[in-house]
Amino acid sequence: MSARDYYEVLGIGHGAAREEIKAAYRKLAVKYHPDRNPGDAQAEERFKEAAEAYAVLSDSDKRARYDRFGQAGLGEQPFSGFDSSVFGDFADILGNIFGFEGFFGGRRRGGPERGSDLRTSIAISFAEMAVGVERLLTVPREESCEACAGSGLAPGAKAETCRSCGGRGQVRVSQGFFTMVRPCPDCGGAGRKVSNPCQECRGDGRVERRRQLKVTVPAGIEDGTRLRMVGEGEAGVHGGPAGDLYVIVRVEPHELFVRDGADLHLEQEISAFRAALGAELEVPTLGGAEKLKVPAGAQPGDTVVLRGKGLPRVQRSGKGDLVVHLQVTVPRKLTAKQRELIQAVVAEEGDRPGVFRRVRDLIEGSG
18 MSARDYYEVL GIGHGAAREE IKAAYRKLAV KYHPDRNPGD AQAEERFKEA AEAYAVLSDS
78 DKRARYDRFG QAGLGEQPFS GFDSSVFGDF ADILGNIFGF EGFFGGRRRG GPERGSDLRT
138 SIAISFAEMA VGVERLLTVP REESCEACAG SGLAPGAKAE TCRSCGGRGQ VRVSQGFFTM
198 VRPCPDCGGA GRKVSNPCQE CRGDGRVERR RQLKVTVPAG IEDGTRLRMV GEGEAGVHGG
258 PAGDLYVIVR VEPHELFVRD GADLHLEQEI SAFRAALGAE LEVPTLGGAE KLKVPAGAQP
318 GDTVVLRGKG LPRVQRSGKG DLVVHLQVTV PRKLTAKQRE LIQAVVAEEG DRPGVFRRVR
378 DLIEGSG
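For the sequence shown, the positions run 18 to 384 when this note's numbering is used.
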């Protein structure tokens, strides 16, 4: 799924009506369609992103879940392909009516077609995220048939161009003032007829296979990041390029650390006496225990930073910091000697506000 807000992708407000959503998608689909931007990977991504946003916001149920819960409300479908009908939506609305089929993303029957993109998700631990990890995925997908090299033909056989549609896979049907484009009834929209199909794929040119793929998750990756594996989606039709595989990475939370970008935050208890005098504590880090120097007079909520003890910065050098939040604790019970020493300090301090006076007040208040 896109990491950007779907309303932002389409450039509309959260209260946009369905027609406004449709118009915004049409504008972006025309601008970024691969046919108008051949070889432009960025335009292709924008085109897919717009279609993904439209697929959610044009569906009242999906939109309601998205408005309430965000991406989490949409869920994940393992190895689900993108809905090709969304990409061709405006071919049905405008393209086919006025004879511009294909320009708005309509399927071009009979010719090479790009394979579907696939999407899945994996879960990794916080510790794995911190150092990076490799995972093996078993991916079920349509692959080019090896027996016929994707042609769909038996050995020695040839495909004949459909005479009814001239190989286009579509025929025009006049209805009143309009000319509608429909799949050719003679060839089923394939644009050709195969009298002797390949027995392995039954003429489709593709067969389902389960492949093991290795995905490399970089260290420091954010929860919900989408990794793209180019060409690892489903095989194209009639020699078309393969789609891509998108892997959404879910990172499990840590029991001690809270993440903020590349920085980590940790709560650490320290007694009021040690906070007043200053101390050296041993605190956990991702790489093991480290010494932390707490300055004298530390107050509740003060922070001490261990530089470079956070997470790796993705696509940048260095690491974030570990921010330790001090939780100053007061003992509930004192020995006679401890009480005597505290009372002596408080008597010497007089009415001046200070750490030991607050300690005494806390102790007496809790008793």
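Each residue gets a CB set at the ideal place from its N, CA and C atoms; glycine is no exception.
None of these values were measured; they are calculated from a predicted model.
Check, Outcome
"Inter-residue Cα distance where the pair is Gly-248 and Cys-165", "20 Å"
"Counted within 10 angstroms of its Cβ, other Cβ atoms place Gly-205 as buried (16 or more) or exposed", "exposed"
"Glu-160 to Asp-134 span [Cα, whole Å]", "13 Å"
"Neighbour-count burial assignment, Ser-77, 16 or more Cβ in a 10 Å radius", "exposed"
"CB of Arg-276 within 8 Å of CB of Leu-328, strictly", "yes"
"Backbone CA spacing between Ala-292 and Gly-318 [nearest angstrom]", "11 Å"
"Start-to-end residues for the beta strand (DSSP E) that takes in Leu-339", "339-346"
"Contacting residues, own chain, Cβ-Cβ under 7 Å from Val-73 (five flanking each side not counted)", "Tyr-23, Lys-79, Arg-80, Tyr-83, Leu-91"
"Backbone CA spacing between Leu-345 and Lys-308 [nearest angstrom]", "Correcting the residue type first, residue 345 is Val in the shown sequence and not Leu. For Val-345 and Lys-308, the distance between alpha carbons rounds to 18 Å."
"Min CB distance Ser-138 to chain B below 8 Å", "As a matter of chain content, chain B is missing from the structure shown, which is built from one protein chain."
"Val-73, DSSP secondary structure in three states", "helix"
"Inter-stretch contact (C-beta, 8 Å, three-pair minimum) for the stretch 225-241 and the stretch 133-152", "yes"
"Beta-bridge pairing of Ser-288 - partner residues as DSSP gives them", "Thr-346"
"Validate contact between the stretch 202-219 and the stretch 170-187 using beta carbons, cut 8 Å, 3 pairs", "yes"
"Segments of 3+ residues assigned as beta strand (DSSP E) that fall wholly inside the stretch 197-243", "223-234"
"Asp-280 (DSSP reduced to helix, strand or coil)", "strand"
"Proximity of Asp-280 and Val-340 at Cβ, strictly below 8 Å", "yes"
"Between the CA atoms of Cys-218 and Leu-27 - distance to the nearest angstrom", "40 Å"
"Length of the line joining the Cα atoms of Lys-350 and Glu-272", "30 Å"
"Whole-angstrom C-beta distance between Pro-157 and Arg-227, which should lie under 8 Å", "5 Å"
"Own chain, CB closer than 6 Å to Tyr-49, minus 5 neighbours either side, in chain order", "Ala-60, Arg-63, Phe-64"
"Arg-35 versus Glu-69: straight-line alpha-carbon distance, rounded", "15 Å"
"Pairwise C-alpha distance: Asp-203 and Arg-189", "13 Å"
"Residue burial classification, Glu-365 (beta-carbon count within 10 angstroms, cutoff 16)", "exposed"
"According to DSSP, residues forming a beta bridge with Glu-357", "Per DSSP, none; premise fails for Glu-357."
"Assigned secondary structure, Gln-332 (DSSP; H/G/I helix, E/B strand, else coil)", "coil"
"Buried versus exposed call for Lys-326 [16 or more other C-beta atoms within 10 Å across all chains shown]", "buried"
"Spatial neighbours of Val-254 in its chain, beta-carbon cut-off 6 Å, leaving aside the 5 residues before and after", "Glu-130"
"DSSP three-state assignment for Arg-152, whether helix, strand or coil", "strand"
"Where Lys-310 falls: helix, strand or coil (DSSP)", "strand"
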